[in-house]
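Engineer: FYI, the UniProt record's numbering numbers position 162 of the sequence shown as 162, with every residue one higher than the one before it.
The beta carbon of each residue, even a glycine, is placed where N, CA and C say it ideally should be.
Since the model is a prediction, treat every value here as computed from it, not as a measurement.
Before anything else, here's the structure in question.
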Amino acid sequence: MKNTIIYILLFLTTIVSCKAQLISLDQLSQCESGNCPNYTFIKDTNNRLNKFVGIWKGTYLDGRTYEFHFAKKNDFILYGGKPRDMIIGRILIKANNGTELENTISSTNGQTHFNGFEFDKNLIKYQMYYSGNAECNDKGHVYISFPDPNNLNQMRLVFIQDMDIIASCPDGYKTVIPDAKILLLTKQ
């Protein structure tokens, strides 16, 4: 009888500790500067990432055309981190004359240099990180959201370039995604 009680307690402790190891993207969005519970997995338990999945296209004021392919990956391990559900981004960017400026459409999941992380506290903006041409500081945070939460066919994308100092880029180099500008995209 004594052994049975010990086994039951051990079993219940194992179940409770396993549940504590998983947190949702919603819970992660509420963490304050390292004040997050200890976790092993980050899951999209409310399927918030699904609305971003698909092919999105848009044109910037200078005539560049953008095609973003967003795919949801479950339990994806990036750079040796913990498994998490995230969006992986692929892009095709063309100049107004049709010249390809960036094309990662056929890149493998770990080589797109465009990966998701977390939602803001209000669960409206999803933060990603892009590092296409890191040598020229063409890297930074990308925020995707919907201007109208009732219209999931139009997305807003904003790229905020990292503030690193780079001395080896050609004069006049521009990031492939416009820095600190809104890019409106339409779902295809």
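What is the DSSP secondary structure of G110, counted as helix, strand or coil?
Structural biologist: To locate residue 110, count along the sequence shown from 1; it is residue 110. Of the three classes helix, strand and coil, the one that applies to G110 here is helix, per DSSP.
Engineer: Can you list the beta strand (DSSP E) stretches of 3 or more residues lying completely in the UniProt domain "DUF6705" (1 to 152), in chain order?
Structural biologist: 22 to 24, 41 to 43, 54 to 59, 65 to 76, 84 to 94, 100 to 103, 114 to 119, 126 to 133, 138 to 145
Engineer: Need the endpoints of the beta strand (DSSP E) that M155 sits in, please.
Structural biologist: Translated into positions along the sequence shown, residue 155 becomes position 155. Following the DSSP letters along the chain, one finds M155 inside the beta strand (DSSP E) bounded by residues 154 to 161.
Engineer: Could you tell me whether the region 143 to 157 touches the region 176 to 187, using the rule of 3 or more Cβ pairs below 8 Å?
Structural biologist: yes
Engineer: Given K73, which residues of its chain have a CB within under 8 Å of its CB, disregarding the five upstream and five downstream residues?
Structural biologist: Start at 1 with the first residue of the sequence shown, and residue 73 comes out as number 73. The answer, listed in chain order, is D85, M86, I87, I88, N109.
Engineer: Does the region 39 to 47 come close enough to the region 165 to 182 to have 3 or more Cβ pairs within less than 8 Å?
Structural biologist: no
Engineer: Measure the C-alpha to C-alpha separation of L53 and I124 and round it to an integer number of angstroms.
Structural biologist: The residue you call residue 53 lines up with position 53 of the sequence shown. The residue you call residue 124 lines up with position 124 of the sequence shown. In the sequence under discussion, the amino acid at residue 53 is Val, which differs from the Leu named in the question. The straight-line gap from Cα to Cα measures roughly 15 Å.
Engineer: Please name the residue, chosen from R64, K121, D120, that lies closest to residue 261 on a Cα-to-Cα basis.
Structural biologist: Coverage of the chain is limited to positions 1 through 188, which leaves residue 261 absent and any answer about it impossible.
Engineer: According to DSSP, simplified to helix, strand and coil, what is D164?
Structural biologist: Your numbering for residue 164 matches position 164 in the sequence shown. Three-state result, D164: coil.
Engineer: Classify I177 as helix, strand or coil using the three-state DSSP reduction.
Structural biologist: On the sequence shown, position 177 is the one that residue 177 refers to. I177 falls in the coil class under three-state DSSP.
Engineer: To the nearest angstrom, how far is the alpha carbon of S29 from that of D120?
Structural biologist: In the sequence shown, the residue the question calls residue 29 occupies position 29. In the sequence shown, the residue the question calls residue 120 occupies position 120. Using only the alpha carbons, I get a separation of about 6 Å.
Engineer: Once you ignore the five residues that flank D26 on each side, which residues in its own chain have a CB closer than 8 Å to its CB?
Structural biologist: Translated into positions along the sequence shown, residue 26 becomes position 26. If we look at D26 and ignore the five residues flanking it on each side, its Cβ neighbours are T45, N46, R48, F119, L123.
Engineer: Ignore the nearest five residues each way along the sequence and tell me which others in K57's own chain have a CB closer than 8 Å to its CB.
Structural biologist: As a position in the sequence shown, residue 57 is number 57, starting the count at 1. The residues T65, Y66, E67, F68, L185, T186, Q188, in chain order, have a CB closer than 8 Å to that of K57 in the same chain once the five nearest residues on each side in sequence are set aside.
Engineer: For A180 and Q127, what's the separation of their Cα atoms in angstroms?
Structural biologist: Your numbering for residue 180 matches position 180 in the sequence shown. Your numbering for residue 127 matches position 127 in the sequence shown. Approximately 14 Å between the Cα atoms of the pair.
Engineer: If we ignore side chains and look at the alpha-carbon of each, how far apart do residue 193 and N115 end up?
Structural biologist: Here the chain covers residues 1 to 188 and nothing more, so residue 193 does not appear.
Engineer: Taking all protein chains shown into account, do 16 or more other C-beta atoms lie within 10 angstroms of the C-beta of N150, making it buried, or fewer, making it exposed?
Structural biologist: On the sequence shown, residue 150 is found 150 positions in, with the first residue counted as 1. Burial call: exposed.
Engineer: Can you list, in chain order, the residues of its chain with a C-beta nearer than 6 Å to that of L92? Leave out the 5 residues immediately preceding and following it.
Structural biologist: By 1-based counting over the sequence shown, the position of residue 92 is 92. Once the five neighbours on either side are set aside, the close Cβ partners of L92 are E67, N103, I105.
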